[in-house]
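**Student:**
Residue numbers (the UniProt record's numbering): 1 to 483.
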């Protein structure tokens, strides 16, 4: 790393996070939710940890189409302007990371040093984390790909482990002798006794070293990613990778490079760390009362101990229970023994197989212009609450199977219906006939709230023909997609 140069943070923010269902779902995963004690989202905490300054350059965010506006807006909300790189398809971490590596070289030079972080991890001591980063830079300057190992606190079966080899850089780091897969409890105990570290999945490396190793082991991935970046396009401030990205084999960076290279090193991180990979992990990072309970939202407990109770809506009351995780949203309730929280992913898979909307959609669905929430749904009608942020607008669209009634309950709406454009104030309404071309805009400085009543033979979100969209979500005058 050249003197005076800065570490380039790369934040991987495209994961679905279904292990924290029902709070975290495909439509809004855990990294974009305020689940830490700071009150910010996990993604924002990660950004703050590596905020641009004397040590770190502006970050590169790797995400996808669904999450691009979350990534951009949540960064801007805390005063950080990132480069957001969009994957056209999910190909696991190796293609994503290598695309960011090539982009970092384009932005910061071929000798750039990258710090790759998951967007949804919790780190309890930022100063200690920065100290570990400085140690990692020393090992990276010797030509190593440096991973951060965490001192185990107990024999966890949900983490991979690292066996350290010879010391590097005066003992500040060590060569990686071996990576170990997620073990049984008995094997995990053996690992801890032998001095193994947890593998945090975060690492730091010189860009050229990572690319040299990737080209050696997985040239097909590097070639596809190079072509995708060379054909990338700018879209509303995002860098959208080209279609060649689809040709990259789907592979994690662990399997593609880290577990095969002889240049892997490890720095021990003494900071508190969690990948927040289960509801049991959420209880561990939360503040608990004298009975060992952690709670969030409207919760009342009597004669209850060692429970994690979280509500994003209804009141949860618990009496005389122990060792449970209880989680509620407006449309789902999860109750389980805390030690079985790793099984949530299997539950979500089963719900998806049954085509349950609760498996992947939140009651409140977020869009670039705001959000909507279904209040009531019948055979031929749906009632929604729609919130449009100040200055935002929905696409110009029409429907083949439904008409709509709009009633403004707060703010001011600019409404387009065919050739007519007019304003609606609070307690005023309008009717959108089936097939009419229409658009909703909030021209004001406060959120626009309205009630929408849909009536028709089919009420699915895919009955939307977009004719124009300021967010470039679909080609103009063509597509059928979600609002």
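Don't be surprised by glycine CBs; every beta carbon is placed ideally from N, CA and C.
For residue 38, I'd like the list of residues in its chain whose CB is within less than 7 Å of its CB, leaving aside the five on either flank, ordered along the chain.
**Tutor:** Position 38 of the chain shown holds residue 38. Cβ within range, chain order: 45.
**Student:** Quick check: residue 9 and residue 50, are their CB atoms within less than 8 Å of each other?
**Tutor:** Stepping through the chain shown from its first residue, residue 9 is reached at position 9. Stepping through the chain shown from its first residue, residue 50 is reached at position 50. In this structure, residue 50 lies closer than 8 Å to residue 9 by Cβ.
**Student:** Would you tell me roughly how many angstroms separate the C-alpha atoms of residue 445 and residue 191, rounded to the nearest one?
**Tutor:** Stepping through the chain shown from its first residue, residue 445 is reached at position 445. Stepping through the chain shown from its first residue, residue 191 is reached at position 191. Roughly 58 Å between the two C-alpha positions.
**Student:** From which residue to which residue does the alpha helix (DSSP H) around residue 346 run?
**Tutor:** Position 346 of the chain shown, counting from 1, holds the residue named residue 346. Where residue 346 is concerned, the enclosing alpha helix (DSSP H) stretches over 344 to 353.
**Student:** Can you grab the Cα-Cα spacing for the pair residue 335 / residue 324, in whole Å?
**Tutor:** Position 335 of the chain shown, counting from 1, holds the residue named residue 335. Position 324 of the chain shown, counting from 1, holds the residue named residue 324. Cα to Cα, residue 335 sits roughly 7 Å from residue 324.
**Student:** State the Cα-Cα distance for the pair residue 221 and residue 15, rounded to the nearest angstrom.
**Tutor:** Numbered from 1 along the chain shown, position 221 holds the residue referred to as residue 221. Numbered from 1 along the chain shown, position 15 holds the residue referred to as residue 15. Cα to Cα, residue 221 sits roughly 20 Å from residue 15.
**Student:** In the DSSP output, which residue or residues are listed as bridge partners for residue 367?
**Tutor:** If you number the chain shown from 1, residue 367 lands on position 367. Per DSSP, 370.
**Student:** Just mark residue 422 as buried or exposed, buried being the case when its beta carbon has 16 or more other beta carbons within 10 Å.
**Tutor:** As a first step, residue 422 is located in the chain shown; it is residue number 422 there, counting from the start. Exposed.
**Student:** DSSP puts residue 249 in a beta bridge; with which residues?
**Tutor:** Mapped onto the chain shown, residue 249 falls at position 249. Bridge partners of residue 249: none, in fact.
**Student:** Quick one: residues in its chain with C-beta nearer than 8 Å to the C-beta of residue 293, no 5 flanking neighbours on either side, listed in chain order?
**Tutor:** Within the chain shown, residue 293 is the residue found at index 293, counting from 1. The answer, listed in chain order, is 301, 304, 305, 306, 307, 308, 309.
**Student:** DSSP on residue 131, reduced to helix/strand/coil?
**Tutor:** The residue you call residue 131 lines up with position 131 of the chain shown. In this structure, residue 131 counts as helix in the three-state DSSP scheme.
**Student:** Buried or exposed: where does residue 384 fall if 16 or more other Cβ atoms within 10 Å of its Cβ makes it buried?
**Tutor:** On the chain shown, position 384 is the one that residue 384 refers to. Buried.
**Student:** Kindly list the residues whose CB is nearer than 6 Å to the CB of residue 441, restricted to its own chain and excluding five residues on each side of it in sequence; keep chain order.
**Tutor:** Against the chain shown, residue 441 aligns to sequence position 441. Answer for residue 441: 393, 414, listed in chain order.
**Student:** So residue 12 and residue 180 are in contact, right, with Cβ under 8 Å, and what is the actual spacing, rounded?
**Tutor:** In the chain shown, counting from the first residue as 1, residue 12 sits at position 12. In the chain shown, counting from the first residue as 1, residue 180 sits at position 180. Going by Cβ atoms, the distance from residue 12 to residue 180 rounds to 22 Å, so no, they are not a contact pair.
**Student:** Whether or not the region 105 to 124 and the region 72 to 80 are in contact is what I'm after, with contact meaning three or more pairs of Cβ atoms, one per stretch, closer than 8 Å; do they touch?
**Tutor:** Taking 8 Å as the limit for Cβ pairs, the verdict is that the region 105 to 124 does not touch the region 72 to 80.
**Student:** Can you say whether residue 390 is buried or exposed, counting buried as having 16 or more other CB atoms within 10 angstroms of its CB?
**Tutor:** By one-based count along the chain shown, residue 390 stands at place 390. Residue 390 should be labelled exposed.
**Student:** Please determine, among 411, 263, 437, the residue with the shortest C-alpha to C-alpha distance to residue 419.
**Tutor:** The residue you call residue 419 lines up with position 419 of the chain shown. Of the candidates 411, 263, 437, the one whose C-alpha sits nearest the C-alpha of residue 419 is 437.
**Student:** How many Å lie between residue 143 and residue 186 at the Cα?
**Tutor:** Mapped onto the chain shown, residue 143 falls at position 143. Mapped onto the chain shown, residue 186 falls at position 186. Distance between the alpha carbons of residue 143 and residue 186: 35 Å.
**Student:** Over what stretch of residues does the alpha helix (DSSP H) that includes residue 279 continue unbroken?
**Tutor:** By 1-based counting over the chain shown, the position of residue 279 is 279. Segment 279 to 285, the alpha helix (DSSP H) holding residue 279.
**Student:** Determine, using beta carbons only, whether residue 28 and residue 362 come nearer to each other than 8 Å.
**Tutor:** Within the chain shown, residue 28 is the residue found at index 28, counting from 1. Within the chain shown, residue 362 is the residue found at index 362, counting from 1. Cβ distance < 8 Å, so residue 28 and residue 362 count as in contact.
**Student:** What residue from 379, 355, 162, 433 has the CA that sits closest to residue 193's CA?
**Tutor:** Against the chain shown, residue 193 aligns to sequence position 193. When each option's Cα is compared against that of residue 193, the closest is 162.
**Student:** If you check the beta carbons only, do residue 487 and residue 19 fall under 8 Å apart?
**Tutor:** No answer is possible for residue 487: it lies beyond the span of the chain, which begins at 1 and ends at 483.
**Student:** Skipping 5 residues on each side, what residues in its chain have a beta carbon closer than 6 Å to that of residue 408?
**Tutor:** Residue numbering aside, residue 408 sits at position 408 when the chain shown is read from its first letter. Closer than 6 Å at the Cβ level, and outside the excluded window around residue 408, lie 424, 426, 428, 450.
**Student:** Starting from residue 56, trace the alpha helix (DSSP H) in both directions and tell me its first and last residue.
**Tutor:** For this step, residue 56 is matched to residue 56 along the chain shown. Here residue 56 belongs to no alpha helix (DSSP H), and DSSP marks it neither H nor E.
**Student:** Out of curiosity, what's the CA-to-CA distance linking residue 60 and residue 433?
**Tutor:** The sequence position of residue 60 within the chain shown is 60, counting from 1. The sequence position of residue 433 within the chain shown is 433, counting from 1. Each residue's Cα considered, the two are about 45 Å apart.
**Student:** Could you tell me the distance, in whole angstroms, from the CA atom of residue 275 to the CA atom of residue 348?
**Tutor:** As a position in the chain shown, residue 275 is number 275, starting the count at 1. As a position in the chain shown, residue 348 is number 348, starting the count at 1. Looking at the two C-alpha atoms, the distance is approximately 19 Å.
**Student:** Give me, in chain order, the residues of the same chain whose beta-carbon lies closer than 7 Å to that of residue 256; leave out the 5 immediate sequence neighbours on both sides.
**Tutor:** Here residue 256 refers to the residue found at position 256 when the chain shown is read from its first residue. Closer than 7 Å at the Cβ level, and outside the excluded window around residue 256, lie 94, 214, 217, 218, 221.
**Student:** With C-beta atoms as the reference, is residue 313 less than 8 Å away from residue 329?
**Tutor:** Counting from 1 along the chain shown, the entry for residue 313 is found at position 313. Counting from 1 along the chain shown, the entry for residue 329 is found at position 329. In this structure, residue 329 lies closer than 8 Å to residue 313 by Cβ.
**Student:** Quick one, are the C-beta atoms of residue 35 and residue 282 less than 8 Å apart?
**Tutor:** One-based indexing of the chain shown puts residue 35 at position 35. One-based indexing of the chain shown puts residue 282 at position 282. Contact flag set, yes.
**Student:** Rounded to whole angstroms, how far is the Cβ of residue 203 from the Cβ of residue 271, which I believe are closer than 8 Å?
**Tutor:** The count along the chain shown starts at 1 and reaches residue 203 at position 203. The count along the chain shown starts at 1 and reaches residue 271 at position 271. That pair is no contact at about 15 Å.
**Student:** Tell me the start and end of each unbroken beta strand (DSSP E) in the region 175 to 242 that is at least 3 residues and wholly inside, in chain order.
**Tutor:** Entirely contained in the region 175 to 242, the beta strand (DSSP E) runs reaching 3 residues are, in chain order, 197 to 206, 233 to 235, 238 to 240.
**Student:** Which same chain residues, not among the five before or five after residue 453, have their C-beta less than 6 Å away from its C-beta?
**Tutor:** Indexing the chain shown from 1 puts residue 453 at position 453. Closer than 6 Å at the Cβ level, and outside the excluded window around residue 453, lie 383, 405.
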